[in-house]
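Have a look at this one:
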């Protein structure tokens with residue numbers, strides 16, 4: 034199953050109902066290029082067969098929630114760049130990025146982890162991102 038909500042001028046927070054075991058057939062979810070705000074829901078890793086999750090180019094805030102053991106086993110692409118998120122990417126995501134966890138397949142991980150050209154610290158600290166943006 035494929036759900037694309039990209040470039041639809043969506044506003045507000047991402048409801049937790051967008052994720053979870055009730056969406057077991059969902060493989061691809063594009064929510065990029067909207068005006069979504071607030072934190073990423075804590076249960077974002079609970080959609081069992083999710084392969085691609087694009088949340089880039091919004092106004093999301095906070096830190097990326099920790100994922101529990103057994104979550105995101107099929108995730109191959111995670112895009113969170115061009116948001117207002119801060120903090121450090123938890124090791125739980127790096128483990129599936131580095132295939133340390135059996136079944137971890139995350140090969141594309143984009144975040145705002147590049148220091149700004151004007152100097153200072155990056156918005157997000159990430160040791161396992163595949164591409165860093167300002």
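Numbering (our numbering), first residue to last: 34 to 167. Just so you know, even glycine gets a beta-carbon here, dropped at the ideal spot from N, CA and C.
| task | Could you give the DSSP three-state label for residue 127: helix, strand or coil? | result | The residue given as residue 127 occupies position 94 in the chain shown. Taken through DSSP and simplified to helix, strand or coil, residue 127 comes out as helix.
| task | Using only alpha-carbon positions, find the residue among 47, 128 and 55 that is nearest to residue 64. | result | Residue mapping note: residue 64 aligns to position 31 of the chain shown, counting from 1. Ranking the options by Cα distance to residue 64, first place goes to 47.
| query | If we count the other Cβ atoms within 10 Å of its Cβ and call it buried at 16 or more, is residue 36 buried or exposed? | reply | The residue you call residue 36 lines up with position 3 of the chain shown. Label assigned to residue 36: exposed.
| message | Nearest by alpha-carbon distance to residue 92: which of 81, 84, 101 and 70 is it? | response | One-based indexing of the chain shown puts residue 92 at position 59. Restricting attention to 81, 84, 101 and 70, the CA atom closest to the CA of residue 92 is found in 70.
| request: Decide if residue 104 is buried, meaning its Cβ has at least 16 other Cβ atoms within 10 Å, or exposed. | output: Taking the first residue of the chain shown as position 1, residue 104 is located at position 71. Residue environment: residue 104 is assigned as buried (16 or more neighbouring CB atoms within 10 Å of its CB, all protein chains considered).
| For residue 61, the first and last residue of its enclosing beta strand (DSSP E) | Indexing the chain shown from 1 puts residue 61 at position 28. Segment 61–63, the beta strand (DSSP E) holding residue 61.
| request: Return the first residue and the last residue of the beta strand (DSSP E) that residue 105 is part of. | output: What you label residue 105 is simply residue 72 of the chain shown in a count that begins at 1. That residue, residue 105, is in no beta strand (DSSP E); it is neither H nor E in DSSP.
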